[in-house]
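What follows is a single structure, written as structure tokens, with notes after it.
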Amino acid sequence: MAKKQTVCVIGLGYVGLPLAVQCALRGFRVFGLDTDRGKINKIKAGAAPIGDKFLAENLTRAKIEATTDAKVIKKSEIAIICVPTPVDKTYYPDLNPIKKAAISIAKNLKKGQLIIVESTINPGVCEEVIEPIFAKAGYKIGRDYQLSHCPERINPGDEKWNVANIPRVAGSFTKKGLAMTIKFYKKIIDAEIYPMKSIREAEAVKIVENSFRDINIAFVNELAKSFDQLGIDVVDVIKGASTKPFAFMPHWPSCGVGGHCIPVDPYYLIERAKANGFDHEFLKIARKINNSMPEYTVELLRCYLNREKMALKDTAVGILGISYKANVADLRESPVIKIKKFLEKYGANIFMFDPYISNMSNVKNLEELLKKSTVIILATDHDEFKKIDPKDFKKNKIKIIIDGKNCLNKEEIKKCGIIYKGIGR
Ligand code: SAJ
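See the structure below:
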């Protein structure tokens with residue numbers, strides 16, 4: 127029997143843990159390394175620290191040696207960095223988690239190791255931030271180790287696409303490194319592994335993918351604001367445009383763009399390009415538009431209250447949803463955080479309920495929220511909310527509904543005598 131290759135996955139979050147599981151299922155010996163002891167203990171007990179269909183189905187089937195001890199790196203032929211790459215308050219990329227991971231590998235390097243970065247990084251980070259950490263430790267690419275980038279493409283909550291079937295791109299410093307990387311991913315992923323000509327181009331792919339999404343969402347958000355003035359239902363228009371079988375890709379306006387990727391990744395490119403003398407005006411305007419949507423949502427509510435001779439101050443506002451995305455429990459960059467701040471500024475009485483984030487909810491359940499609220503902002507299109515019978519709004523004497531995800535039945539709600547306003551509809 128050929129000796130099992132050993133993989134060490136560093137960072138066991140929504141990217142690293144499914145990757146570790148998939149490597150184990152495909153016959154690798156897997157060390158899972160994380161600084162969070164609580165997470166390690168949960169994984170050891172076979173309990174997934176995050177809600178994810180792939181993990182629910184596979185975690186207990188996969189043997190992962192979960193640990194906080196970085197010494198396991200030196201036992202691994204392959205070390206994969208899957209740590210977060212957030213932006214700070216000024217939207218500047220925070221590369222500290224990546225640097226810390228690289229330093230712990232440099233301290234525990236195994237000769238000939240293949241090191242792969244899956245975390246989202248901007249073009250140039252491998253050459254200018256990560257490689258120097260190894261050079262400082264006296265290690266040379268090719269001679270002592272290989273360094274590659276294979277950007278993660280995990281889509282939280284997606285029941286169809288997961289670590290086992292999402293195509294990937296990969297880039298490396300050397301031909302040998304690229305060959306080793308492609309060979310590895312072909313063993314664990316049943317999809318195309320597209321070789322990039324350089325590591326810098328591989329870093330650019332993910333940023334471009336997510337910036338593409340951000341600017342398209344900004345386009346429809348700006349349309350929504352314009353069509354609100356023109357009395358045009360932007361959702362109907364986008365559905366109409368979607369009948370064109372080519373050269374159109376629908377995106378949808380909403381109360382804001384949250385998550386760990388879309389509102390973050392464009393800033394990587396904006397900052398990187400600025401440092402190299404180019405100003406991404408278009409990306410910045412798109413970010414500005416998307417960042418304006420939480421306030422726009424609250425302003426819509428304020429305007430519709432004023433029409434009823436009411437004010438936001440002291441009005442009981444029920445916020446349906448806290449998570450940034452439907453049917454997941456994830457607060458990162460959630461628009462609700464800003465919506466809450468704007469409502470507080472106006473002195474509203476705020477009630478919040480999210481079935482996935484009960485610790486942030488200040489009511490026990492949906493019934494209590496509806497009972498206590500005079501007006502509603504729907505901020506997350508959880509399935510549970512889309513099923514609410516408009517009569518329940520009526521029964522609870524809800525006066526106004528701002529549908530921040532355009533997911534409720536506008537006509538049925540209006541038939542109940544409730545004022546309905548969507549984002550652009
Ligand atoms: N959103 C809109 N309008 C849209 C689509 C999304 O307002 O038309 C909002 C969502 O409500 C959410 C935010 O944008 O607040 C992000 O939504 P998302 O569907 O893009 O979800 P994410 O953040 O999980 O993005 C992931 C990304 N995956 C990776 O980075 C590996 C992204 O590249 C995927 O395109 C996206 O999933 C996806 O397609 O669902």
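Offset between the sequence shown (1-based) and this note's numbering: plus 126. Think of the CB as a built atom: it goes at the ideal place given N, C-alpha and C, for glycine as much as any other residue.
Helix, strand or coil for residue i, going by three-state DSSP, please let me know.
i: Ile503; result: strand
i: Gln272; result: strand
i: Glu296; result: For the record, residue 296 in the displayed sequence is Ala; it is not Glu. Correct three-state label for Ala296: strand.
i: Thr193; result: strand
i: Leu138; result: coil
i: Val390; result: coil
i: Val454; result: coil
i: Gln131; result: coil
i: Val209; result: coil
i: Phe374; result: coil
i: Lys201; result: helix
i: Leu221; result: coil
i: Phe404; result: coil
i: Pro379; result: coil
i: Leu145; result: helix
i: Lys536; result: helix
i: Arg433; result: helix
i: Ala261; result: helix
i: Ile158; result: A quick correction: the sequence has Gly, not Ile, at residue 158. Strand, per DSSP.
i: Pro321; result: strand
i: Lys170; result: helix
i: Gly303; result: helix
i: Lys266; result: coil
i: Gly385; result: coil
i: Val360; result: helix
i: Lys313; result: helix
i: Ala290; result: coil
i: Leu426; result: helix
i: Gly164; result: helix
i: Ile280; result: coil
i: Ile549; result: coil
i: Gly366; result: helix
i: Ala188; result: coil
i: Leu446; result: strand
i: Leu240; result: strand
i: Ser245; result: coil
i: Pro117; result: The requested residue 117 does not occur in the structure, where the chain is confined to residues 127 to 551.
i: Pro461; result: helix
i: Leu395; result: helix
Rounded to whole angstroms, how far is the Cβ of residue i from the Cβ of residue j, which I believe are closer than 8 Å?
i: Pro420; j: Ile483; result: At roughly 17 Å, the Cβ-Cβ gap does not stay under 8 Å, so Pro420 and Ile483 are not in contact.
i: Cys134; j: Ile199; result: 5 Å
i: Lys165; j: Leu138; result: 6 Å
i: Lys531; j: Leu504; result: 6 Å
i: Ile259; j: Ala290; result: The Cβ separation is near 31 Å, so there is no contact.
i: Ile206; j: Ile224; result: 12 Å between Cβ atoms; not a contact.
i: Leu273; j: Cys252; result: 6 Å
i: Ser499; j: Phe477; result: 6 Å
i: Ile333; j: Phe299; result: No, Ile333 and Phe299 are not in contact; Cβ-Cβ is about 19 Å, not under 8 Å.
i: Leu240; j: Glu183; result: The Cβ separation is near 28 Å, so there is no contact.
i: Gly283; j: Val454; result: 4 Å
i: Ile308; j: Ala296; result: 6 Å
i: Tyr546; j: Asp529; result: 7 Å
i: Ala196; j: Asn167; result: Not quite, the Cβ-Cβ distance comes to about 17 Å (not below 8 Å), so this is no contact.
i: Pro379; j: Asn347; result: 5 Å
i: Lys520; j: Ile544; result: 6 Å
i: Ala150; j: Lys201; result: Not confirmed; about 15 Å, so no contact.
Indicate whether at least one CB of chain D lies closer than 8 Å to the CB of residue i.
i: Leu492; result: In the structure shown, chain D does not exist; there is a single protein chain.
Should the region 396-415 be regarded as contacting the region 427-437, the criterion being three or more beta carbon pairs within less than 8 Å? no
Just to confirm the assignment: which complete alpha helix (DSSP H) runs, minimum length 4, are found wholly within the region 465-531? 492-498, 509-512, 516-521
Evaluate the contact criterion for the region 355-364 versus the region 509-526: three or more CB pairs, one atom per stretch, below 8 Å. no
When you get a sec, list the residues whose CB is within less than 6 Å of any heavy atom of the ligand SAJ, chain order please. Glu278, Arg279, Ile280, Asn281, Pro282, Glu335, Asn336, Arg339, Ile343, His377, Trp378, Ser380, Val383, Gly384, Gly385, Cys387, Ile388, Tyr450, Lys451
Could you tell me whether the region 148-156 touches the region 249-263, using the rule of 3 or more Cβ pairs below 8 Å? no
At least three beta-carbon pairs within less than 8 Å, the region 335-355 to the region 171-188: no
Could you tell me whether the region 489-507 touches the region 432-451, using the rule of 3 or more Cβ pairs below 8 Å? yes
Evaluate the contact criterion for the region 377-394 versus the region 237-245: three or more CB pairs, one atom per stretch, below 8 Å. no
So does the region 316-325 actually touch the region 368-388, counting three or more Cβ pairs closer than 8 Å? no
Is the region 472-483 in contact with the region 439-446, if contact means three or more CB pairs nearer than 8 Å? yes
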